[in-house]
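Residue numbers (this note's numbering): 5 to 515.
For glycine and all other residues, C-beta sits at the position ideal for the given N, C-alpha and C.
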Ligand SMILES: [Zn+2]
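This is how it looks when you write it as structure tokens:
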């Protein structure tokens, strides 16, 4: 009988928007331990699901879920939250070891008060505990700002290849599989990370379109090279103001197959080839989208009776990237321009309470949204009728961004306004990544002329199938595509597009 292989699964998953004013303190995290991880993610399409699934590919592999902490992409993780969560993670690893391998479930763009490279620090602490001989696998989000520290402290690192993220499970399963093969002595992975000094605009990160489409086909070409067992492109996360911010190109090569020297060379050449080709396209990654009034007028002219809705992406209020979820910039313009047949969500727990007090069917006069900060517009006066009240919990079994299954918008009220808008008011910040958010609240989004989805890419799997057209809108806010707006303090000094003269010289040394 083959000896049992025990793999630990643990993680802290957070995309940190360092410009957000909402700190990620301990209480903002949902923490799953042991069996709870399996219950929450076992049937999903997430990173954890891929890790858990590896035990069914082998008859001698046990994945032991330890702890997993996750919160929405809000601001910087407090020192206290990091210490408690990572302290517990390390404690579990220590108490329940020894391990044959470790599977880390991290986002890759986490920042704490103490560590700009939170994910690298976690990998480092895990490596320090288990030593160099226990393989460590890490699977991260495509928005990761991949660091040297993450690569140095892991044996295999994989990244999603789709944005919207539809392959999280597949990539973590590949990561786990390579870790098992490493444990079995079938492979000896070496990695190379290349980080040219470039940040790509969030509005150009959709992998289904150029320029990202050809960047991803370069990756497939690298996978064809002898010895290459995995390769990744990370788009980077431009709202985390850290030295690691930017694109990353990574290769994993089997040195057992082609020898150590040849493997290092192949890894370096593969990563640099991808990076050089992306660098050559750097001018194609700029922001070129319409303002709210232009977008609304265009959509109004495009839409004919009976058409599917035109979906307007509220880029500056990208809930999935750490925004407030209550931006009123597009709504204010829609009111001013007299746009009819308009639908959107707004995070506004106080207005939800007013609707609950008034009751279903009652007339209400509310000031909605724009309450978190001054960046996302001012509260807007609306008059209308409460159509439905709902507890805000919904489930989606269709493919959605990130592969999640369970959602919670908190207590939710639907208001139909006298100027023919429908506003879905939520009590929790919940992204527009699932149509069930609307259907569960008794709203059929296909019946509207225009639907606002707060985000850039993440709402696409849900909204593309019902949209006549998708228009990205250049709204102000903490996730605006206008990167000039932010005051960066910690990013690399010479970085494209901030520095138009930035230069990229592929290095001979592993960075
Ligand atoms: Zn992402």
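As a beta-bridge residue in DSSP terms, residue 238 pairs with 252. Per DSSP, the beta-bridge partners of residue 69 are 13. Leaving aside the five residues that flank residue 388 on each side, the residues in its chain whose CB is nearer than 7 Å to its CB run, in chain order, 368, 419, 420, 421 and 422. Distance from the Cα of residue 366 is smallest, within the candidate group 390, 94 and 38, for 390. Here residue 198 is bridged, per DSSP, to 253. Put simply, the segment 59–68 touches the segment 6–17. At least three CB pairs are less than 8 Å apart.
Contiguous alpha helix (DSSP H) elements confined to the segment 129–181 occur at 152–156, taking only those with 4 or more residues.
DSSP, read as helix, strand or coil, puts residue 264 in helix.
With 16 or more other Cβ atoms from the protein chains shown falling within 10 Å of its own Cβ, residue 307 counts as buried.
Assignment of residue 450 by DSSP, reduced to helix, strand and coil, places it in the helix class. In this structure, ligand 1 has a non-hydrogen atom nearer than 7 Å to the beta-carbon of residue 147. The continuous alpha helix (DSSP H) containing residue 335 extends over residues 333–341.
The alpha-carbon of residue 327 is positioned some 25 Å away from that of residue 44. Around residue 158, the same chain offers 127, 140 and 142 as residues with beta carbons nearer than 6 Å, after the five sequence neighbours per side are excluded.
Taking residue 288 as the centre and dropping the five residues before and after it, the same chain places the C-beta of 215 closer than 6 Å to its C-beta, in chain order. In chain order, 196 place their CB closer than 6 Å to the CB of residue 272, counting only its own chain and leaving out the 5 sequence neighbours on each side. With 16 or more other Cβ atoms from the protein chains shown falling within 10 Å of its own Cβ, residue 462 counts as buried. From the listed residues 231, 166, 496 and 120, the smallest Cα separation to residue 264 is found for 231. Taking the CA atoms as reference points, residue 118 sits about 36 Å from residue 465.
Residue 270 sits in a helix when the DSSP states are folded into three classes.
Shown here, residue 111 sits in coil according to DSSP, grouped into three states, outside any helix or strand. If you look at residue 411, you'll find it in the beta strand (DSSP E) that goes 410–412. Within the model, the alpha-carbon separation for residue 16 versus residue 69 is close to 13 Å. Counting the other CB atoms within 10 Å of its CB gives residue 311 a total below 16, which places it among the exposed residues. Using a Cβ distance threshold of 8 Å, residue 325 and residue 433 do not count as a contacting pair.
At a threshold of 7 Å, residue 401 does not count as near ligand 1, since its beta carbon sits no closer than that to any of the ligand's heavy atoms.
Residue 164 and residue 202 have their C-alpha atoms spaced approximately 19 Å apart. For ligand 1, no non-hydrogen atom lies closer than 7 Å to the CB of residue 248. Note on residue 355: 16 or more other CB atoms within 10 angstroms of its CB, so buried under the neighbour-count rule.
Just so you know, the alpha carbons of residue 281 and residue 219 end up roughly 8 Å apart.
Looking at 426, 176, 467 and 192, the one whose alpha-carbon comes closest to that of residue 137 is 192. With a beta-carbon spacing of about 4 Å, residue 508 and residue 200 fall inside the 8 Å limit used to define contacts. Every candidate alpha helix (DSSP H) stretch fails here, since none sits fully inside the segment 356–380 while reaching 4 residues. When C-alpha distances from residue 283 are compared across 12, 160, 500 and 213, the shortest belongs to 500.
For residue 145, the closest alpha carbon among the candidates 475, 50 and 430 is that of 50. Where residue 226 is concerned, there is no enclosing beta strand (DSSP E), although the alpha helix (DSSP H) around it starts and stops at 216–227.
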